[in-house]
Every structure is written in C-alpha cells, then in structure tokens.
Amino acid sequence: MYFSRIITTLGLLALAQACTPGHYACGNQDGAPGPDGSVQVCNSSGDWVFSAQCNGAGCCYDNGAGNAYCKC
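According to mature numbering (1 follows the signal peptide of the UniProt record, and there is no 0), the stretch in the sequence shown is residues -18 to -1, 1 to 54, in order.
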C-alpha cells in the first residue's frame, strides 16, 4: 500500500510540471500540444501555450535546446 502511494504521488508530480518554463517546441512534437506547424511556449506554470502558427505543417523547426521557430 505504501509503495502504491509513492508511485501515485510521483506520477502526479510528473504531470504537474509538463514542460520547462521559457522553452519553446513545435506543436504535436516532443510532448507539446497544438496543431502541426505551430510554435508552443512553456509558461511559468509549466503549461504549454500557443505562441505562433507557421505557414505549414513542416515549417516549424525545433533545435532540441528549447528553441522552436518558423522557417517557411
């Protein structure tokens, strides 16, 4: 029972901080929600929010260091 509580607590903590504040990602990639080709930014609460819509699904690029941008 104790072990189950620990696992449940850890799972809830993982859900509480879904992203690193200040990081950007392309929509529908790397755990970020949103439509393909969108740019999402992680707010101070750790939630992804819409930032911009690129010209097409293949126009959003993510350099893997928390930066995403439109290139089309």
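Note that beta-carbon positions come from the ideal geometry of N, C-alpha and C, so glycine has one too. On a predicted model such as this, the values are computed, not experimentally measured, just so you know.
Per-residue DSSP class, three states only, for residue i
| i | result |
| --- | --- |
| C41 | coil |
| C52 | strand |
| A47 | coil |
| A14 | coil |
Nearest-angstrom Cα separation, counted from residue j out to residue i
| i | j | result |
| --- | --- | --- |
| G38 | Y51 | 12 Å |
| C54 | C42 | 8 Å |
| D18 | C8 | 7 Å |
| P3 | A14 | 13 Å |
| C6 | Q22 | Here residue 6 is Tyr; the residue named in the question, Cys, does not match the sequence. For Y6 and Q22, the distance between alpha carbons rounds to 6 Å. |
| G46 | S33 | 17 Å |
| W30 | C1 | 7 Å |
| G40 | G28 | 26 Å |
| N10 | D44 | 12 Å |
| C36 | S26 | 23 Å |
| N49 | G16 | 16 Å |
Counterpart residues of residue i in DSSP-defined beta bridges
| i | result |
| --- | --- |
| A34 | V21 |
| C1 | BP columns for C1 are empty, so no partner. |
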